[in-house]
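Inspection log for the structure reproduced underneath, given as structure tokens.
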Amino acid sequence: MTLKPHMLIPILLLGLVFFRPSYAQEAKPARDAKIGLVLSGGGAKGMAHVGIIRAMEKAGIRPDYVVGTSMGSVVGGLYALGYNADELEKIIRGVDWDLTISNRVDFKDIAFEEKEYYNRYLLEVPYVNGKLSLPSGLIEGQVLSEVLHYYTWPSNQYDSFDDFPIPFRCVATDIMTGRPIVFEGGSLHDAIRSSIAIPTAFSAFELENTVVVDGGVVDNFPVDVVRRMGADFVIGVNVSSEDFEDIDQLGGFGGILMQIAMAESIRRTVVNKEFTDIYIKPDLENYSTGSFGDYDAILKLGDKAGEIFLDEFKRAADSLGVNISAFQEKPTSQPIKIDSIEIRGNHLFSDDLIKSKLEIDPGQEVTRDEIRESIRHVYGMNGFRKVDYRLSRTNEETFNMLVRTKEKTATTISTSIHYDNLFSAGLLTNMTIRNWIGNSSRSVFLLDISENPKFRFDHYKYLGKDKNFAFNFRANYLRQEFPSYEEGKKSDVNIIRNTRFESQVITTNSLKQSFLLGLAYDVARSRVLFNVAIPENIKSGVESYFSARARYYRNSQNDRNFPTRGAEGVLEANFRLKSWLDINVKSGIDTVYFKLDNGELPVAVEFLDALVDELVPNPHATLTGRYSKFLPFSPKFQFKPSGAFGLTLTNDESGKSYREFFVGGYQIIRFIDTNFWGLNYGEVQTPNFAKVGADLQFIPIKKLYLRAGANFLGFSDHIPLKEVLKNGDFLNQKTYLGFGADISYHSLLGPITLGMGTNTSDKKLRTYVSIGLSFNYADR
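In my numbering, the protein residues as written are 6 to 785.
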């Protein structure tokens, strides 16, 4: 056939279409070419995606489609929702990754009635049908879900992922079929959480009709998905393996199993690379999927990779005819109106109890901050492995709120070990039972097996329609054997056996504070081993009292053992309504002899009670309080001012026997104990005191804490109230100025602390060693 001149031009144009280079192949005129961005999975290494997005923004490229897997779904989903690179980096830097990639939550988010038992055990084991079960060891990710819900909140305004500022898809793996699931709509939180459910690390995520795990198992680099969306030109960022590795690169049996599990995904990656127009592999060889603490270095390496490809991005932008600026405004986070609330997954905790903690009513308009706080209140009851929610639109203006719960077993057993150089070693065991004595209740049996054994039974039951109060009963047994001191030298050994019964009503409507009103019966049996002034035939003294008390307690600290933010404050008034004092004498003894400087004083046992009765105080009151607050200078430096006081308020003359406040040391064993740099535990026992102090805490490296501090103590013997009112400086009767320092490491066993201190009065050095998690209210 002979070609005519007028047919030649169309044929040449067709030739250009089919045989041009790659850029030209995709560069349709008038911005007809669609750009796709693919972000692979890779755990912490996926944070490098932000640097690539920043370079694309500089080049004027905004993709038409975004697809991500695992961590790529997190970065990609938020980017598609309208967050720019700077905002994504700010989010990453603002997340507490140690907390997020764990089964813990911030201490301040635990219900006040549960704070005492939270995060103080090495192991928590379910107890089912009389048998111990192994914990799964998988991360449920309570804080992770909280973070995702918070930042994906703007997606509530969209019915489909196609309606986002940039259409979005992410990939998960259906464990029922082994095939990929591509999310195109619904809850963005659920889609991303499904995509990042890394097997052996995170628990699988339950959808309505199936259970899914990380999309990286079958399609870690989903170029095929973005091509199906309509992308003509693909920019792909891969922060994971791009091919099968040799046996010597796998690092052992675990690596071999992982490569076998990821075989399908690796095969897809090899193929998908060939359909990528700009393929980017950041240099992240020194980091792993779990290197979340290295976010700063990974973000910088992402920026470095982005800068390397910046010129190529600019050439692509010119070739494709695009020049779009980065998103200038954050996605909107407007309040929504709740139409109805549904609770699922709960058996131990009633709907009414959960809804009372939510404090959200149908018809109420709520913000993302308010819903976050509501979910924290529910999870804070410490009976759940996971609590999250799903919002689904009921009409143009309202949403249904589905609260999804995963409860712990009705009974759990927890354990830890501890040692210190004052009270020796021990094994702490906790059995917690839900709904054992009535619904909406919790019972705790706590046992410390040691040279100084301790036991507690603690039961509470929520009260009222709104569950804002609880009835609490406690039975405590405590044995303490510790030295007494004179001018810093050990002079005796005190042995105290204390039994205490408490019955009270507490408020439960706040995570940070609680009021308590109740009654207590207290028996303290004590003896001194070597005090020569006490007759050897006296076995012990027994002091007991019946009291009413009121307490206000506030704690907003972010961690039980290593706080860096927040405050703690206590104010307690105790009214001693009736007191008793008895002396127990060895059997068969009719006379005891008190040693004096110039001889002995014989006292017949029959008259001993009369002498003791003179020491029994009349009804009186005590008032005690303490306050401390962490003031962060930076993430590594904190300043903590503190103060405490204890007063015995009565008009009784001196010569009576009053229960004394213990001041000194690091530990708070009884709730009203006061620690003090430069003194050992209980070195000062006094009915009246006031203390002020200040500490500086420095965290040079992760998990290592250095502290140094100074404090001043003024105290006095008993003074009648009328004398106190006349003599305002009575607490200066005796004083100590103390100093100290310690070093603590946050180990798997709990805090490991080495400390020392002294004071200006006797100038003797006191040392302290503590390992693990104990029965005490505080160990450092």
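By construction, the Cβ of each residue, glycine as well, lies at the ideal position given by its N, Cα and C atoms.
From the DSSP output, in three-state form, read off residue i for me.
i	result
Gln333	coil
Ser78	helix
Phe117	helix
Asp356	helix
Lys459	strand
Ser662	coil
Asp69	coil
Gly385	coil
Asn351	coil
Thr157	helix
Val228	helix
Gln162	helix
Asn277	helix
Phe297	helix
His789	It is not possible to answer for residue 789, since the shown part of the chain is limited to 6 through 785.
Phe650	strand
Ala572	strand
Leu325	helix
Arg484	strand
Thr765	coil
Gly311	helix
Gln690	strand
Gln147	helix
Lys591	coil
For residue i, which of the options has the nearest alpha-carbon?
i	options	result
Gly311	Val689, Asn623, Asn243 and Arg664	Asn243
Phe166	Phe681, Thr182, Glu189 and Val148	Glu189
Glu378	Leu606, Val222 and Ile365	Ile365
Glu338	Tyr163, Val231, Arg184 and Ile422	As written in the sequence, residue 338 is Ser, which differs from the Glu given in the question. Closest option to Ser338, Cα to Cα, is Tyr163.
Asn387	Arg502, Tyr750, Tyr122 and Asn477	Tyr122
Asn214	Asn426, Ile186, Gly762 and Val231	Ile186
Lys413	Asn481, Ser515, Arg439 and Lys278	Arg439
Ser78	Arg198, Ile171, Leu127 and Lys645	Arg198
Val276	Asn225, Leu306, Ser324 and Asp299	Asn225
When we look at the beta-carbon of residue i and count the other beta-carbons within 10 Å, is it buried (16 or more) or exposed?
i	result
Phe354	buried
Thr758	buried
Met61	buried
Leu137	exposed
His790	The chain is shown only over 6 to 785; residue 790 falls outside these bounds and no answer can be derived.
Trp682	buried
Ile14	Legend: pLDDT at Ile14 = 32, less than 50; position of this residue unreliable, value from coordinates given subsequently. So Ile14 counts as exposed.
Ser208	buried
Met181	exposed
Thr828	Nothing can be reported for residue 828: it is not among the residues displayed for the chain, which extend from 6 to 785.
Ile594	exposed
Gly755	buried
Ile706	exposed
Pro640	exposed
Can you name the residues that DSSP bridges to residue i?
i	result
Leu636	Phe644
Val510	Phe476 and Leu522
Pro185	Thr178
Trp585	Ser549
Glu213	Note: Glu213 sits in no beta bridge, so no partner.
Leu452	Thr434 and Phe460
Glu129	Ser419
Leu759	Ile748 and Val774
Lys391	Lys411
Is the beta carbon of residue i within less than 8 Å of some heavy atom of the ligand COA?
i	result
Asp453	Among the components of this structure there are no ligands whatsoever, and the ligand COA is therefore not found.
TODO: Please confirm if the region 146 to 161 is in contact with the region 322 to 330, defined as three or more CB-CB distances below 8 Å between the two stretches.
DONE: no
Open item on the list: Taking 8 Å as the cut-off, does the region 720 to 729 touch the region 392 to 401 (at least 3 CB pairs, one atom from each stretch)?
Closed with: no
TODO: Assess, as a yes-or-no matter, whether the region 366 to 383 is touched by the region 301 to 321 under the definition of 3 or more beta carbon pairs within less than 8 Å.
DONE: no
TODO: Spell out a yes or no on whether the region 50 to 64 and the region 286 to 299 are touching, meaning 3 or more CB-CB pairs, one atom from each, closer than 8 Å.
DONE: A contact between stretches requires three or more CB pairs, one per stretch, nearer than 8 Å, and the region 50 to 64 meets this requirement with the region 286 to 299.
Open item on the list: With three or more beta-carbon pairs closer than 8 Å as the criterion, would you say the region 565 to 577 touches the region 632 to 642?
Closed with: yes
TODO: Kindly confirm or deny that the region 712 to 724 and the region 71 to 90 touch, where touching means at least three C-beta pairs closer than 8 Å.
DONE: no
Task: Contact between the region 111 to 126 and the region 174 to 185 (3+ Cβ pairs under 8 Å) - done: The region 111 to 126 makes no contact with the region 174 to 185: fewer than 3 CB pairs, one atom from each, lie closer than 8 Å.
- [ ] Check whether the region 90 to 105 touches the region 214 to 229, counting contact only when three or more Cβ pairs, one atom from each stretch, lie closer than 8 Å.
- [x] no
- [ ] Decide yes or no for the touch test of the region 662 to 677 against the region 773 to 785: beta carbon pairs closer than 8 Å, at least 3 of them.
- [x] yes
TODO: Check whether the region 192 to 207 touches the region 228 to 239, counting contact only when three or more Cβ pairs, one atom from each stretch, lie closer than 8 Å.
DONE: No, the region 192 to 207 does not touch the region 228 to 239.
TODO: For the region 577 to 591 and the region 126 to 134, state whether three or more C-beta atom pairs, one from each stretch, are separated by less than 8 Å.
DONE: no
Open item on the list: With three or more beta-carbon pairs closer than 8 Å as the criterion, would you say the region 548 to 558 touches the region 495 to 502?
Closed with: no
Open item on the list: Closer than 8 Å is the cut-off here; do at least three beta carbon pairs connect the region 221 to 234 with the region 63 to 76?
Closed with: Yes: the two stretches touch, three or more of their Cβ pairs being nearer than 8 Å.
Open item on the list: Check whether the region 482 to 489 and the region 511 to 522 are in contact - that is, three or more C-beta pairs closer than 8 Å.
Closed with: no
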